[in-house]
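These protein sequence lines map, in sequence, to chains D and E. For the first sequence, our numbering gives the first residue as 768, with consecutive numbering after it. For the second sequence, our numbering gives the first residue as -4, with consecutive numbering after it. Every residue gets a Cβ at the ideal spot worked out from N, C-alpha and C, and that includes glycine. Below: the structure, in structure tokens.
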Amino acid sequence: GDSVTQTEGLVTVTEGLPVKLNCTYQTTYLTIAFFWYVQYLNEAPQVLLKSSTDNKRTEHQGFHATLHKSSSSFHLQKSSAQLSDSALYYCALMDSNYQLIWGSGTKLIIKP
Amino acid sequence: NAGVIQTPRHKVTGKGQEATLWCEPISGHSAVFWYRQTIVQGLEFLTYFRNQAPIDDSGMPKERFSAQMPNQSHSTLKIQSTQPQDSAVYLCASSLGDRGREQYFGPGTRLTVL
Chain D
768 GDSVTQTEGL VTVTEGLPVK LNCTYQTTYL TIAFFWYVQY LNEAPQVLLK SSTDNKRTEH
828 QGFHATLHKS SSSFHLQKSS AQLSDSALYY CALMDSNYQL IWGSGTKLII KP
Chain E
-4 NAGVIQTPRH KVTGKGQEAT LWCEPISGHS AVFWYRQTIV QGLEFLTYFR NQAPIDDSGM
56 PKERFSAQMP NQSHSTLKIQ STQPQDSAVY LCASSLGDRG REQYFGPGTR LTVL
């Protein structure tokens, strides 16, 4: 079946430095949508980025991700971290039943 | 647009009692999802309705959990004989149901079983 892997459970970055959260996947389907969700403390997850196009960069709120089907990856990056970026980040893919297959999440802590 | 509404926001039950959680999806959304979130397990899929019909309940603990969607405006998650390990935040999400459409989450219900 489909699966999403987020290798880092916790990532700590100093404010102003770049951020990269890893996401790889396994899927049996050819046409898939991919998401990054962000969950701030005591809030519900909300969509941050979405993509279904291979090799196309998607950007929102300073974050960007590019779907690379050749390497089965959809890493999340930001060039300069802000304290307000501290949150839990989930990578997910949508299967043919419109269900999201979720990664285990990466907690991002931005320190001053 | 009020977003996904979940009630109650917090619920405390004693061990063995029943808990019913309510979800009102965004108007016009045809798909409703229930998840459970804990620090240890993270986000766990429970069940999914499309056009009120149950599509996938593979994440539901079979014995004490049940979910229904009697009409397009609300869904319920019922937990019978609650146990301390049921303590979690239960999240409801809705989507337009088309391929590639993101899910919009409600604020969640924090269930505490004493």
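At least one C-beta of chain E is nearer than 8 Å to the C-beta of D:N864. By the criterion of a C-beta distance shorter than 6 Å, D:Q844 is surrounded in its chain by K787 and H831, once the five residues flanking it on both sides are discounted.
One thing to note: D:L855 has its Cβ no nearer than 8 Å to the Cβ of D:Y792.
Taking a contact as a CB-CB distance under 8 Å, the pair E:E13 and E:T77 counts as one, their CB atoms being some 7 Å apart. The C-beta of E:Q98 comes closer than 8 Å to at least one C-beta of chain D. By the Cβ rule, the segment 78 to 87 of chain E counts as touching the segment 102 to 109 of chain E, because three or more pairs are nearer than 8 Å.
Take E:P102, set aside five residues on each side of it, and the residues of its chain with a beta-carbon closer than 7 Å to its own are Q1 and R4, in chain order.
Put simply, of D:Y865, D:G776 and D:P879 the residue whose alpha carbon is nearest the alpha carbon of D:Q849 is D:P879. C-alpha of D:P812 to C-alpha of D:K823: approximately 24 Å in a straight line. Chain-ordered listing is empty here: chain D has no CB closer than 8 Å to the CB of E:I74, the nearest sitting near 20 Å. At a cut-off of 8 Å, the C-beta of D:S847 has no neighbouring C-beta in chain E.
Taking one beta carbon from each stretch, the segment 35 to 43 of chain E and the segment 868 to 877 of chain D have 3 or more pairs nearer than 8 Å; the two touch. Cβ-Cβ distances below 7 Å link E:R45 to S25, A26 and G92 in the same chain, with the five nearest sequence neighbours on each side left out; the list follows chain order.
Counting along the chain, the unbroken beta strand (DSSP E) around E:C87 starts and ends at A83 to S90.
Each of D:F801, D:I876 and D:V778 was checked against the Cα of D:S851, and the nearest Cα belongs to D:I876. Relative to E:L86, the option among E:R96, E:I74, E:V7 and E:Q32 whose CA is nearest is E:Q32. Chain D has a Cβ within less than 8 Å of the Cβ of E:S90. At least one CB atom of chain E sits nearer than 8 Å to the CB of D:A811. Of the residues D:C858, D:T774, D:N864 and D:Y865, the one whose Cα lies closest to the Cα of D:T833 is D:C858. At least 8 Å separates the beta-carbon of E:G54 from that of E:I21. Within chain D, the C-beta atoms nearer than 8 Å to that of E:L38 come from P812, Y857, W869 and G872, in chain order.
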